[in-house]
DNA sequence: TCTATTATGCAACAAATTGTTCTATAGGAG
DNA sequence: CTCCTATAGAACAATTTGTTGCATAATAGA
């Protein structure tokens, strides 16, 4: 027996609105009342789906933080793979809801176990994709295995997040070029000593 | 004419409590009512000081994010100066309220101009102190001027923030050693080409 | 010390928000 | 067509938020 389409429609519409509110006004304004006004869905229905404010907010977090699958490119050379992958991650920060919602998740994670899980899983996913790129480069012999890969991965991902979430600086092509250049130069000069 | 000590005492006690609530329970719980209950100060007095919830929260942000003066050490060598300075910044993230409050400020900054100012000014300060270390190294001739200093500064600061705020990983001495090593190796290998 | 000023505490209050419950209705399943 | 169930809407209590007036206590200035 299939799920009632009304349930699905209500959940979807409500979380769309909750997500929008979360991005534009912050977690403070994600309430049953606000979502009701934004969607036309009655408050009582919303309470039936999410019994309290916290569960509504968690649902909004969870929905938006679901990591989209990152297509992988590991055929080398390193600079090319890395630039391509980081462009995808950068694009996600610049142009998808994730970029706008991430700050709220970061904050929630400091007091909320659920949000912490969301963000650490998300990051694990990001790290894995960068790791694959370096592993492939090692496999091709382009860099040697004694490169401090873990540190490089962290720097590779940390920089765009820091720039965007904390400094509110632009993430553009020029910046990305410099960033990739530096990462590659570290990988190469630390390689095979 | 001096300011009435009662004003000062009330502000201080209230913001102490607001800050504590902000750290432990998140921005959602910083309200006049909660602060009143925590301090014994009457709600009406709090409203007289901060007319609405927003101004109360902003005040709490502003108070905790005020950058403590960072003592500078730039007498070299680079590795030593850098390690010393980053240890201070790391300590601030680990052991002061700033480390716990920063996530909330990051989130607020995405929808609140005031919070954005707070954090960008704070970071400007941090960056300046790291810059001084590199500038001194250049001045001593330890590294040359063509090192991509701006990128290095960003990586130097981004890494600990990313680790703490986003990944919730430990910031310990071992990690710091590795981090400083890598930064120095970048600076040296890019130097004097 | 005496007086005028002003911050606080308290209580009462209005307004808005939050959460609950009931009933009628409309949409979907079989 | 009939049964089931999700929703809308209204009524409601409880809590929170913000305001106001007044008595009290602390402070500043003479």
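Chains as they are written, first to last, in this note's numbering: chain A, 1 to 193; chain B, 1001 to 1193.
Quick reminder that beta carbons are idealized off the backbone N, C-alpha and C, glycines included.
Please classify residue i: is it buried, with 16 or more other beta-carbons within 10 angstroms of its beta-carbon, or exposed?
i, result
"residue 174/A", "exposed"
"residue 155/A", "buried"
"residue 1018/B", "buried"
"residue 117/A", "exposed"
"residue 1065/B", "buried"
"residue 55/A", "exposed"
"residue 96/A", "exposed"
"residue 1193/B", "Reliability of the predicted coordinates at residue 1193/B is poor, the pLDDT of 44 falling under 50, and the value obtained from them is presented with this limitation in mind. Result: exposed."
"residue 1058/B", "buried"
"residue 37/A", "exposed"
"residue 1052/B", "exposed"
"residue 1112/B", "buried"
"residue 1150/B", "exposed"
"residue 145/A", "exposed"
"residue 164/A", "buried"
"residue 4/A", "exposed"
Cβ closer than 9 Å: which chain A residues qualify as neighbours of residue i?
i, result
"residue 1086/B", "By Cβ distance, chain A contributes nothing, its closest Cβ being about 14 Å from residue 1086/B, past 9 Å."
"residue 1109/B", "103, 165, 166, 168"
"residue 1159/B", "151, 154, 155, 158, 159, 162"
From the beta carbon of residue i, is the nearest beta carbon of chain A less than 8 Å away?
i, result
"residue 1162/B", "yes"
"residue 1178/B", "yes"
"residue 1130/B", "no"
"residue 1143/B", "no"
"residue 1148/B", "yes"
"residue 1173/B", "no"
"residue 1154/B", "yes"
"residue 1126/B", "no"
"residue 1116/B", "yes"
"residue 1120/B", "yes"
"residue 1035/B", "no"
"residue 1106/B", "yes"
Cβ of residue i less than 8 Å from any chain B Cβ?
i, result
"residue 44/A", "no"
"residue 193/A", "Residue confidence for residue 193/A is low, a pLDDT of 44 falling below 50, so the modelled location carries little weight; the figure read from the coordinates is stated next. It does not; no Cβ of chain B falls within 8 Å."
"residue 25/A", "yes"
"residue 51/A", "no"
"residue 39/A", "no"
"residue 12/A", "no"
"residue 59/A", "no"
"residue 93/A", "no"
So what's residue i in DSSP terms, helix, strand or just coil?
i, result
"residue 189/A", "helix"
"residue 141/A", "coil"
"residue 1168/B", "coil"
"residue 1034/B", "helix"
"residue 1098/B", "helix"
"residue 1148/B", "coil"
"residue 51/A", "coil"
"residue 1073/B", "coil"
"residue 1041/B", "coil"
"residue 18/A", "helix"
"residue 1112/B", "coil"
"residue 65/A", "coil"
"residue 1131/B", "helix"
"residue 26/A", "coil"
"residue 173/A", "helix"
"residue 1004/B", "coil"
Taking residue i as the query, report the chain B residues whose CB atoms sit under 7 Å from its CB, ordered along the chain.
i, result
"residue 63/A", "Under the 7 Å cutoff, chain B gives no residues; its nearest Cβ is about 18 Å from residue 63/A."
"residue 19/A", "Simply none; closest approach about 14 Å."
Just the chain A side, please: which residues come within less than 8 Å of residue i by C-beta, in chain order?
i, result
"residue 1123/B", "166, 167"
"residue 1028/B", "27, 28"
Shorter than 7 Å, the distance from the beta carbon of residue i to the closest heavy atom of the ligand SAM, or not?
i, result
"residue 1086/B", "With respect to small molecules bound, the structure shown includes none, and the ligand SAM cannot be examined in it."
Taking residue i as the query, report the chain B residues whose CB atoms sit under 8 Å from its CB, ordered along the chain.
i, result
"residue 100/A", "1110"
At a CB-CB cut-off below 9 Å, which residues of chain B make contact with residue i?
i, result
"residue 186/A", "1182, 1185, 1186, 1189"
- prompt: Does the stretch 1033 to 1046 of chain B come close enough to the stretch 1001 to 1015 of chain B that 3 or more CB-CB pairs lie under 8 Å?
  reply: The stretch 1001 to 1015 of chain B is in contact with the stretch 1033 to 1046 of chain B.
query: Three or more C-beta pairs closer than 8 Å, one from the stretch 94 to 109 of chain A and one from the stretch 19 to 32 of chain A: is that the case here?
result: Under the Cβ criterion (8 Å, minimum of three pairs), the stretch 94 to 109 of chain A counts as touching the stretch 19 to 32 of chain A.
task: Would you be able to state if there are at least three C-beta pairs under 8 Å between the stretch 73 to 88 of chain A and the stretch 125 to 140 of chain A?
output: Contact holds: three or more Cβ-Cβ distances are below 8 Å.
message: Quick test of the definition: if touching needs 3 or more C-beta pairs under 8 Å, does the stretch 1114 to 1131 of chain B touch the stretch 32 to 43 of chain A?
response: Flag = no, the stretch 1114 to 1131 of chain B and the stretch 32 to 43 of chain A do not touch.
query: Three or more C-beta pairs closer than 8 Å, one from the stretch 1160 to 1170 of chain B and one from the stretch 1085 to 1094 of chain B: is that the case here?
result: They touch, by the three-pair rule.
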